[in-house]
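Using my numbering, read the sequence shown as starting at 2 and increasing by one per residue. Heads up, the beta-carbon is just placed ideally off N, CA and C, and yes, glycines get one too. Quick caveat: nothing in here was measured; it's all calculated off a predicted structure. Beneath this line is the structure, given in structure tokens, with notes to follow.
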Amino acid sequence: MTWQDSKLTRRDFIKVLGAAPASLALDVAPGGRRYAKLMDTFKCIGCRRCMSACKRWNKLPPYEVPESLVRDMDGTTYTVVNFIRSKRNTEVGKFIHWACQHCIKPACAGVCPVTAIKKNHVTGAVVVDETKCIGCRYCYQACPFKVPRFDFGKRVTRKCHLCFDRIPKLKPACVAACPVEALDYGYRDLILRKARQKAQVVRGYVMGEYEAGGTDMITILPAPPEELGLIVAPKKVVNEDIDKLRISSTGFLAGAALVGLMYLYSRGDKE
Ligand code: SF4
Ligand code: SF4
Ligand code: SF4
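Structure below.
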């Protein structure tokens with residue numbers, strides 16, 4: 002979905018993407034509160050209604066079930082549900098709803114050469130502005146969770162945007178569709194407290210508290226990600242500005258030429 006597809010005006014879109022400058026500087030929402038999404042693998046029943054709701058809300062084509070058991074995101078599939086099993090104790094298995102983790106300091110936004118990706122520090126949403134994206138895929142390289150996907154039809158990078166065009170007034174479409182409340186969306190401090198309490202009771206693991214320096218997607222797992230075959234993100238902010246520096250210092254001209262070429266390429270089908 003682009004901002005043009007939503008019911009927002011360009012001015013609204015810019016407002017939605019950017020929190021107040023003061024709060025951006027502090028990386029906290031006004032009043033110290035920010036929102037986050039919760040995923041509880043202990044509640045999930047694997048019904049995949051969240052996947053369908055995401056497709057519907059974003060007017061995306063239906064999901065083509067792959068031959069392999071593992072489902073992967075693509076340019077028109079922003080979330081998938083997979084069964085994960087512990088490598089240490091194969092009796093421990095759960096369904097996981099997987100999408101962009103909405104990092105508090107998103108590496109994808111840090112490396113984007115045309116600043117097409119913005120983080121809203123109140124709602125938590127990290128959103129790609131498809132009208133600016135040139136499809137260079139630096140964001141995929143930088144993402145510690147390897148989330149952004151290239152849409153070969155539109156020639157832009159796409160991913161879960163946390164339903165930025167309906168939150169926080171309405172919960173994200175996937176959250177609203179979940180029949181067993183395995184998904185939730187609310188104040189991050191409350192979400193985190195709930196996740197820690199649950200993890201203590203079930204001897205689980207809270208992902209998103211420290212991964213990539215903290216994310217606005219919190220997942221209660223049955224074990225740490227490395228034991229479940231999930232991508233293991235470092236527990237620190239990932240190359241937020243380093244790659245930007247690399248791009249600018251190790252070949253500004255080459256970079257500019259590449260950006261220009263990618264821009265022309267990306268416009269090919271958009272005209
Ligand atoms: S998970 Fe990846 S795509 Fe999502 S906000 Fe973090 S760095 Fe960006
Ligand atoms: S938050 Fe919205 S865009 Fe993201 S997975 Fe859920 S329904 Fe899809
Ligand atoms: S809708 Fe809820 S229960 Fe169903 S797969 Fe998604 S997260 Fe799990």
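Candidates the options, of which the one nearest residue i by Cα
i      : options                          : result
Tyr64  : Val128, Pro180, Cys179 and Met52 : Met52
Lys106 : Ala143, Phe153 and Arg57         : Ala143
Thr216 : Glu228, Leu222 and Val238        : Val238
Cys175 : Met40, Ala196, Ile221 and Arg72  : Met40
Lys60  : Arg150, Cys164 and Val112        : Cys164
Lys44  : Thr116, Ala196 and Glu68         : Ala196
Gly136 : Arg156, His122 and Pro149        : Arg156
Val127 : Cys134, His162, Asp185 and Pro67 : His162
Val181 : Leu171, Phe84 and Thr42          : Thr42
Val202 : Cys134, His122, Pro223 and Pro67 : Pro223
Val81  : Cys104, Cys113 and Ala54         : Ala54
Reduced DSSP category for residue i - H, G, I as helix; E, B as strand; rest coil
i      : result
Ile168 : coil
Cys140 : helix
Met218 : strand
Arg156 : coil
Asp75  : strand
Val202 : helix
Ala26  : Interpretation of Ala26 is limited by its pLDDT of 38, a score under 50 that renders its predicted location unreliable; no figure is taken from the coordinates.
Gly187 : strand
Lys56  : helix
Asp130 : coil
Val82  : strand
Arg197 : helix
Ala37  : strand
Ser250 : Any reading at Ser250 must be qualified, since the residue scores a pLDDT of 49, below 50, and its modelled position is unreliable; the value itself is stated next. Three-state result, Ser250: helix.
Val233 : coil
Val207 : strand
Arg150 : strand
Gly47  : coil
Ile192 : helix
Span separating the alpha-carbon of residue i from that of residue j
i      : j      : result
Thr132 : Ala110 : 15 Å
Arg159 : Arg194 : 31 Å
Ala178 : His98  : 13 Å
Pro225 : Met208 : 8 Å
Arg50  : Arg57  : 10 Å
Asn240 : Ala234 : 12 Å
Gly94  : Gly76  : 28 Å
Val148 : Ala200 : 25 Å
Phe96  : Asp190 : 25 Å
Ile118 : Tyr141 : 12 Å
Ala100 : Arg167 : 18 Å
Tyr186 : Ile192 : 8 Å
Ser250 : Asp152 : Note on Ser250: pLDDT 49, under 50, position unreliable in the model; no value is reported.
Met74  : Arg34  : 30 Å
Where residue i falls, given that 16 or more other Cβ within 10 Å makes a residue buried
i      : result
Pro145 : buried
Ile46  : exposed
Arg89  : exposed
Asp130 : buried
Gln198 : exposed
Gln102 : buried
Arg204 : exposed
Glu92  : exposed
Thr124 : buried
Pro62  : exposed
Thr78  : buried
Residue i: CB within 7 Å of a non-hydrogen atom of ligand 3
i      : result
Arg50  : yes
Ala183 : yes
Val71  : no
Pro173 : no
Phe43  : no
Gly47  : yes
Pro223 : no
Test: residue i CB closer than 8 Å to a CB of chain D
i      : result
Gly214 : This model lacks chain D altogether, as it is built from one protein chain only.
Residue i Cβ short of 7 Å to ligand 2 heavy atom set
i      : result
Leu164 : Leu is not the amino acid found at residue 164; the sequence shown has Cys there. Because some heavy atom of ligand 2 lies under 7 Å away, the Cβ of Cys164 counts as near it: yes.
Asn59  : yes
Cys113 : no
Check: residue i C-beta below 7 Å from any heavy atom of ligand 1
i      : result
Lys160 : yes
His273 : Outside the shown range of the chain, which is 2 to 272, sits residue 273, and nothing can be said about it.
Phe146 : yes
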